[in-house]
Structures are given as C-alpha cells and as structure tokens.
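Heads up, the thing below is written out as structure tokens.
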Amino acid sequence: MTSSPAPRPPLDLDRVAAPAGWRVEVVESTPSTNAAVVERARGGEQPGLVLVTEHQTAGRGRLDRSWETPARSSLTFSVLLRPDVPPASWSWLPLLTGYAVQAALADRLPDVALKWPNDVLVDDGSGTGRKVCGILVERVETDDGPVAVVGVGINVDQTLDELPVALATSVSLETGEPVERTGLLSQVLGSLRGLQGLLDDVESLRRAYADVCVTLGRTVDVHLPGGDVRRGEALDIDASGALVVGTDDGAFTVAAGDVVHVRPA
Ligand code: BT5
Numbered sequence: 008m009t010s011s012p013a014p015r016p017p018l019d020l021d022r023v024a025a026p027a028g029w030r031v032e033v034v035e036s037t038p039s040t041n042a043a044v045v046e047r048a049r050g051g052e053q054p055g056l057v058l059v060t061e062h063q064t065a066g067r068g069r070l071d072r073s074w075e076t077p078a079r080s081s082l083t084f085s086v087l088l089r090p091d092v093p094p095a096s097w098s099w100l101p102l103l104t105g106y107a108v109q110a111a112l113a114d115r116l117p118d119v120a121l122k123w124p125n126d127v128l129v130d131d132g133s134g135t136g137r138k139v140c141g142i143l144v145e146r147v148e149t150d151d152g153p154v155a156v157v158g159v160g161i162n163v164d165q166t167l168d169e170l171p172v173a174l175a176t177s178v179s180l181e182t183g184e185p186v187e188r189t190g191l192l193s194q195v196l197g198s199l200r201g202l203q204g205l206l207d208d209v210e211s212l213r214r215a216y217a218d219v220c221v222t223l224g225r226t227v228d229v230h231l232p233g234g235d236v237r238r239g240e241a242l243d244i245d246a247s248g249a250l251v252v253g254t255d256d257g258a259f260t261v262a263a264g265d266v267v268h269v270r271p272a
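First residue of the sequence shown? That's 8 in this note's numbering, and the numbers climb one at a time after it.
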C-alpha cells in the first residue's frame, strides 16, 4: 500500500494580521491574482485590497513567462497600491517589494538575498542561488489615476518534485521544517506595509537594497530584448533603481523593465 502525503491545511483568514488600511481576501482558485486585481482596479476598487489565492492556475511572470505553484503549497497574492510619491520613485516599487519579502524571510532563511532587480533567492555563496520568490509589479491607469498591482509568489512548502525549474527552492525545503502559511503571510504583509515609507527616501532604500543584493560585485551577462547579451561587472544601483554595469569600454545602465535576464557570467 502506498501512503499519500498529508493534505495541506488551508490559510486561515481569521488569523491573517491585515496591516492598517489593507483588506485581505482569500479565494480558493484564480488564474492570476495580478490579473484579477488589475481588473478590479479598472472597475474602481480602491487601494488596500490584498487578494490571495490558494491555487493560482495561470500565474504570470515577467515578459509572458509563467509562475507555477501547486494548490496550498505557496503564498500567491497581489496588493493594490497607490504610492503617494513622485513618478520617478515608482521604478523602486518592485525593488522595495523584493527587499520587504527578503526582510520578512531573513529570520527563517539566513542566506536569503536579492538578485537585481527583484528575485528573492537563497544564496549559499555558490554563485547561482535558488529562487524562493518572484515578484511582478504592474502599473494600471484608472479613472482615479495610476495604481500599482504588486504581485508576490513565495514558494513555501513545495517538495523538490513540485518545483518547476532546477534553480528554485521553497522555505520548508531550506529549513527542513513545515511552515505555517497564515503566519508567514501576516509577516510578509506587515513587512511590505511597514517598509512602504522607504519610497519617500529612495537614497536610504538604495543603500539598504544594495546591502542585500548579491548581484553587485559579480560579473554578469545582461540579456537584452532582441537577443543582445552584454557582459560586465555589476557595479552599483543608481538613483532610479537601475543597474550600473562596468565594461572595458565604460559603464552602461539597464533599467529593470528593459532586461530579459541578468545572469552570473
Ligand atoms: C517572476 O517572473 O519571477 C514573477 C513571478 C510573480 C508571481 C506572482 S504570484 C502572484 C501574482 N500573480 C501573478 O499572476 N503573478 C504574481 P520571472 O522573473 O519572469 O520568472 C518566471 C520564471 O521563473 C519562469 O519562466 C520559470 O523559469 C521560473 N519559475 C516559474 N515558477 C516558479 C516557481 N514556483 N519557483 C521558482 N521559479 C519559478
């Protein structure tokens, strides 16, 4: 007789600590929480909505890539925000989100780090890192002005077999212990809300981000749309959150929205 794995417990909405002014909803299944929140924003939903799903069936990554997670194995959610900051600071929102997730996971995962622009990785120094969280921020024009849909997917309880790519991991794979998702969701939301103020002081955010960004100091291949690849040393993050890359011919800058991949050379 084969034994089936223990069923995964659902999220407990009554125990989610929603940050002040945020409204958390949990739905059993939806194709993409980002797609659902974009639609609701266009329909007049006000900022502060957090839509979480137990099973995201057509999760979106960047550039038409996909994000795959089995039911109840992860945290997949989107937050609707209207950052009250100058337009130039909006480019920091994806980086800030990565920073906030990294901060929330750091207690459990001492080797958690950020790969520019916003992959959250477990990096044991071997160079590549295993991705534990992906982030997709979309800007939406509404009748009340622009809003941001901040999508976060955290691998929480997946086994190795359940991860769709080799360079991925889950929190429980790293810690070797089961993780209670409701508590982790509360922690991540609290971190996101608590660090929003850093958008008002992007120089502090830039320094804090650079401290935990493992891309800096490495030789990287920057894959650009159209197929060009430029190699250089990741030198710095500039005031807009773009990566400054040094080459023998001088430095060039790439914005987060303009790269296909940045990979260790
Ligand atoms: C991302 O894209 O990393 C952004 C993922 C954002 C997902 C969240 S979940 C809630 C919200 N609603 C959505 O519909 N999306 C957001 P990107 O950098 O393009 O990475 C995608 C690539 O990561 C894929 O092409 C795979 O190679 C890999 N991948 C897919 N699923 C993964 C997983 N669970 N863990 C690690 N890597 C994964």
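Note that CB positions come from ideal geometry on N, CA and C, so glycine has one too. Only a predicted model underlies this, so the values are computations on that prediction, with no experimental measurement involved.
Scanning its chain for C-beta atoms nearer than 6 Å, with the 5 sequence neighbours on each side dropped, one finds around Thr-222 the residues Lys-122, Trp-123, Ala-241, in chain order. In the displayed model, Gln-63 falls within a strand according to three-state DSSP. Taking non-hydrogen atoms of ligand 1 into account, the C-beta of Asp-245 is found less than 8 Å away from none of them. Between Val-144 and Ile-161, the gap from beta carbon to beta carbon reaches 9 Å or more. Inclusion of Arg-238 and Val-227 in the CB contact set at 9 Å is warranted, their separation being smaller than that value.
Assignment of Asp-150 by DSSP, reduced to helix, strand and coil, places it in the coil class. Counting only the Cα atoms, Pro-271 lies some 29 Å from Asn-41. DSSP places Asp-243 within a strand segment (E or B) once states are collapsed to three. Cβ-Cβ distances below 6 Å link Thr-176 to Val-129, Arg-137, Val-139 in the same chain, with the five nearest sequence neighbours on each side left out; the list follows chain order. The DSSP assignment places 40 to 49 as complete runs of the alpha helix (DSSP H) inside the region 26 to 91, in order along the chain (cut-off: 4 residues).
In the DSSP annotation of this structure, the continuous segment of the alpha helix (DSSP H) that includes Gly-197 starts and ends at 188 to 202. In this structure, the straight-line span from the alpha carbon of Pro-17 to that of Ser-81 is close to 11 Å.
With 16 or more neighbouring CB atoms inside 10 Å of its own CB, Pro-101 falls in the buried class.
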